[in-house]
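Structure first, then comments.
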């Protein structure tokens with residue numbers, strides 16, 4: 049992440065190493081990108097931080113770092129493409145450019161060991177400076193010893209004075225989607241904990257399983273893909289912050305009830321399919337638009353549409369279906385659209401509009417993905433205003449235990465660049481947590497709307513209105 053900060057003096061790099069797959073050298077291998085991988089080739093990398101509370105001594109911490117390196121080597125043996133690099137396939141022509149992931153013996157992953165002195169960045173109660181969090185995630189430098197781009201980098205940072213651990217993991221999105229990257233992380237964690245019996249099913253590394261539904265789709269994507277700037281839907285402010293918001297299972301049920309009541313009031317014959325995920329996303333989208341409207345940020349053209357993008361796993365919907373353990377990208381965008389004014393309305397109206405639009409977008413994406421026009425649609429919604437989603441509660445990030453307990457906090461820091469909301473399960477209880485990254489004034493407005501909506505839900509499911 050390209051935010052410079054005076055706090056960089058608080059970070060001390062202690063060691064750098066290259067971790068290669070364990071065992072005998074693997075043979076050279078080329079894994080060609082599919083059109084679903086190609087859609088992410090210019091996307092900012094996914095940057096996660098796992099915060100772990102430790103009670104160990106310095107000697108025990110040194111042993112822990114050694115275990116992390118050893119087990120990373122084990123996991124890379126299974127997920128060997130992550131040790132390789134992204135390149136333009138040799139021998140292709142300018143008119144038919146192809147990309148692949150190439151692995152050869154000696155390739156590995158950069159592993160940085162660092163120390164950090166500063167505030168407690170794992171807090172759920174206070175916003176954190178993005179510039180501070182960015183120090184804890186490694187950058188994807190050019191691949192070690194190669195001309196291509198690295199796909200994975202790791203940074204283990206000891207947080208002083210407590211001695212806790214921040215494990216930063218950066219993944220190039222063209223290598224795999226969230227299901228693939230978190231399957232790798234669960235495997236790495238089980239290997240570190242000595243719980244090989246808990247390994248997830250091994251990945252299927254065969255990109256020929258993804259069949260182009262329309263001939264020439266890869267070449268069309270190559271010509272039409274958004275640039276890196278177009279994939280960054282927002283521009284970070286120097287004082288950008290990130291904060292966590294939680295919605296309990298009870299609160300999400302109240303959202304569902306409010307949406308159902310509003311559908312009945314409007315005489316809807318078929319109410320929207322308001323799943324727990326849709327309820328959480330619709331709640332945040334409505335609060336986000338209302339905060340922008342009340343702060344004057346979204347006051348212009350209230351009747352114009354604004355958009356929401358949530359990734360849909362297409363493994364079961366591809367023709368033929370793709371196995372659930374397929375390692376690569378097999379997600380596509382579900383796009384919901386609604387007028388700004390309707391989304392920003394108070395009470396059940398805004399929740400109903402948001403949840404209905406998201407549910408309809410998911411339904412369309414599953415029934416008819418429209419891969420041929422996907423690139424153009426992403427460009428259109430990016431230009432007109434969009435809130436998107438990173439992560440999923442299904443990825444079970446709070447279950448990634450390296451043998452010293454589950455993480456106290458998980459952040460997706462890269463949402464500060466993409467403008468997405470980060471979504472995960474809540475550790476140890478029903479519900480969902482959401483990470484939002486905004487400038488301080490925008491965050492204050494969003495928090496006010498979020499808190500007032502929670503209060504309204506607790507007091508009534510009626511159509512009475514309220515304001516932030």
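In this note's numbering, the protein residues as written are 49 to 516.
Virtual Cβ for every residue (Gly too), placed ideally from N, Cα, C.
Three-way DSSP call (helix, strand, coil) for residue i in this model
i	result
residue 457	strand
residue 347	Summary for residue 347: the model assigns pLDDT 49, below 50, so the residue's position carries little reliability, and this model does not support an answer.
residue 160	strand
residue 441	helix
residue 273	coil
residue 129	helix
residue 451	coil
residue 255	helix
residue 433	coil
residue 356	strand
residue 490	helix
residue 499	helix
residue 366	coil
residue 508	coil
residue 474	coil
residue 337	helix
residue 428	helix
residue 391	helix
residue 412	helix
residue 465	helix
residue 169	coil
residue 485	strand
residue 375	coil
residue 400	helix
residue 247	coil
residue 139	coil
Outcome for residue i when other beta-carbon atoms lying within 10 angstroms are tallied against a minimum of 16
i	result
residue 234	buried
residue 244	exposed
residue 82	buried
residue 202	buried
residue 277	exposed
residue 87	buried
residue 415	exposed
residue 71	exposed
residue 501	buried
residue 180	buried
residue 206	buried
residue 302	buried
residue 304	buried
residue 177	buried
residue 268	buried
residue 62	exposed
residue 421	exposed
Contact check, residue i vs residue j, beta carbons under 8 Å
i	j	result
residue 332	residue 482	yes
residue 357	residue 285	no
residue 218	residue 255	no
residue 412	residue 351	no
residue 165	residue 208	yes
residue 404	residue 353	no
residue 396	residue 497	no
residue 34	residue 157	Any question about residue 34 goes unanswered here, given that the chain covers just 49 to 516.
residue 220	residue 197	yes
residue 101	residue 453	yes
residue 458	residue 96	yes
residue 460	residue 447	no
residue 384	residue 241	no
residue 64	residue 137	no
residue 417	residue 325	no
residue 330	residue 360	no
residue 310	residue 400	yes
residue 59	residue 227	no
residue 126	residue 251	yes
residue 464	residue 288	yes
residue 224	residue 376	yes
residue 455	residue 291	no
residue 131	residue 155	yes
residue 200	residue 151	no
The ligand ATP heavy atom lying under 7 Å from the CB of residue i
i	result
residue 504	In the structure shown, the ligand ATP is absent, as is every other ligand, since no ligand is present at all.
Item checked: Inside the region 259-328 only - alpha helix (DSSP H) runs reaching at least 4 residues -> 265-272, 276-279 and 297-313
Margin query: With three or more beta-carbon pairs closer than 8 Å as the criterion, would you say the region 112-132 touches the region 255-273?
Written below: no
Notebook entry, point to check: If you scan the region 180-242 from start to end, which runs of the alpha helix (DSSP H) of 4 or more residues do you find wholly inside it?
Noted result: Fully enclosed alpha helix (DSSP H) runs of 4 or longer: 226-240.
Item checked: Inter-stretch contact at 8 Å, needing at least 3 Cβ pairs: the region 464-478 / the region 286-303 -> yes
Next item on the list: May I have a chain-ordered list of the beta strand (DSSP E) segments no shorter than 3 residues that lie completely inside the region 56-129?
Entry: 59-67, 77-80 and 94-100
Margin query: Using a Cβ distance threshold of 8 Å, determine whether the region 169-186 contacts the region 69-78, with at least three qualifying pairs required.
Written below: Contact between the region 169-186 and the region 69-78 is absent, because fewer than three Cβ pairs lie under 8 Å.
Note to self: With three or more beta-carbon pairs closer than 8 Å as the criterion, would you say the region 418-428 touches the region 134-151?
What the structure shows: no
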